Amino acid sequence: NAGVTQTPKFRVLKTGQSMTLLCAQDMNHEYMYWYRQDPGMGLRLIHYSVGEGTTAKGEVPDGYNVSRLKKQNFLLGLESAAPSQTSVYFCASSFDSRTDTQYFGPGTRLTVL
Amino acid sequence: AQKVTQAQTEISVVEKEDVTLDCVYETRDTTYYLFWYKQPPSGELVFLIRRNSFDEQNEISGRYSWNFQKSTSSFNFTITASQVVDSAVYFCALSEEGYSTLTFGKGTMLLVSP
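Those protein sequences? They're chains E and U, same order as listed.
So the number in the working numbering is just where the residue sits in the first sequence, counting from 1, plus 93.
So the number in the working numbering is just where the residue sits in the second sequence, counting from 1, plus 58.
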């Protein structure tokens, strides 16, 4: 099992450009999450999904959109990137509840110039 | 309000020393879960332990041990005989039944020198 994978690993964008980050898990987990990690801030939840076709806002959702068309995939979109979105993005998944252990992907380092 | 506090921003020890990482949490729920994750320099987040609020037994796994005390709302993590490979940022996290988020502390950076 690959666990949780993220594509791409690194990306540099110019302000105003758009991009999509892909997260895939092969553990048949129901719940999936997108976090961002900034220095000194820990991890903050952007959006999450409790199952295929569902999404919900987390702590810092502004400027991001998500989609969960297939159970194993969770996409994070930036429609118009801003320098404040420079961060490391982590995807995670858990089996069937918010209190289950979350398993994380390797992260995507995004720089917005 | 911050619900997970890791007051130690950075700790430096010499190999073979024991080190304890502190975690204090705040919750009104009676059912909750506490976690520790390790983030080595390579950047991935590695799950270490999950503990529910009804289980106050201490946990030992090799050189790692965890002390959960509800009376002081603490879930501290001790590494015995530290090694250079233990150098990482360690995060404590809280999950509550009524909330969607896994709330992380800001992390403690542990540096183990040879």
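Note that CB positions come from ideal geometry on N, CA and C, so glycine has one too.
The structure displayed is predicted, hence computed values, not measured ones.
Backbone secondary structure at residue i - three-state DSSP
i	result
THR130/U	helix
VAL153/E	coil
VAL143/E	coil
SER173/E	coil
ASP131/E	strand
GLN118/E	strand
GLN178/E	helix
Residue closest to residue i, alpha-carbon to alpha-carbon, out of the options
i	options	result
GLY96/E	PHE105/U, GLY120/U, VAL147/U, PHE126/U	PHE105/U
VAL143/U	SER111/U, GLN127/U, LEU168/U, ASN134/U	LEU168/U
TYR148/U	THR88/U, PHE112/U, GLU84/U, LYS96/U	LYS96/U
LYS164/E	GLU172/E, THR100/E, ASN158/E, THR147/E	THR147/E
LEU103/U	CYS150/U, GLU154/U, THR159/U, GLU155/U	CYS150/U
THR136/U	GLU68/U, GLU117/U, THR159/U, THR130/U	GLU117/U
THR98/E	SER173/E, THR179/E, ALA117/E	ALA117/E
MET112/E	ALA149/E, MET120/E, SER173/E	SER173/E
SER177/E	ASP119/E, ASN94/E, PHE188/E, PRO132/E	PRO132/E
GLN110/E	ASP119/E, THR179/E, GLN195/E	THR179/E
Rounded separation between residue i and residue j - CA only
i	j	result
GLN66/U	GLY101/U	20 angstroms
THR78/U	PHE183/E	27 angstroms
GLN130/E	VAL181/E	5 angstroms
ILE107/U	ASP193/E	11 angstroms
SER123/U	THR138/U	8 angstroms
GLU114/U	GLN127/U	7 angstroms
VAL100/E	SER129/U	Here residue 100/E turns out to be Thr, not Val, going by the sequence shown. Whole-angstrom Cα-Cα distance: 44 angstroms.
TYR126/E	GLU155/U	17 angstroms
LEU114/E	ASP80/U	34 angstroms
THR88/U	PHE112/U	9 angstroms
ARG121/U	TRP94/U	15 angstroms
SER145/U	GLU75/U	13 angstroms
GLN64/U	ASN134/U	10 angstroms
PHE188/E	GLN195/E	8 angstroms
Cβ neighbours of residue i in the same chain (closer than 7 angstroms, five flanking residues each side left out)
i	result
PRO154/E	ILE139, HIS140
VAL105/E	THR204, LEU206
LEU152/U	LYS61, VAL62, TYR83, THR85, TYR90, LEU92, THR161
ALA175/E	THR108, GLY156, VAL205
GLU73/U	SER140, GLN141, VAL142, VAL170, SER171, PRO172
ARG137/E	TYR128, ARG129, GLU152, VAL153
Sub-7 angstroms separation of residue i and residue j beta-carbons
i	j	result
SER132/U	VAL62/U	no
LEU169/E	VAL159/E	yes
GLY165/U	GLY135/E	yes
ALA185/E	PHE167/E	no
GLY144/E	GLU123/E	yes
ARG161/E	SER190/E	no
Nonlocal neighbours in the same chain, by C-beta distance under 6 angstroms from residue i, ignoring five residues either side
i	result
PHE103/E	ARG202
LYS107/E	LEU206
ARG109/U	LEU92, PHE126
ALA149/E	TYR141
GLU68/U	MET167
PRO98/U	ALA146
ASP119/E	ASN94, ALA95
Test: residue i CB closer than 7 angstroms to a CB of chain C
i	result
THR192/E	You won't find chain C in this structure, because its protein chains are E and U.
Beta-carbon contacts of residue i that lie in its chain and below 8 angstroms, excluding the five residues immediately before and after
i	result
VAL71/U	VAL77, SER140, LEU168, LEU169, VAL170, SER171
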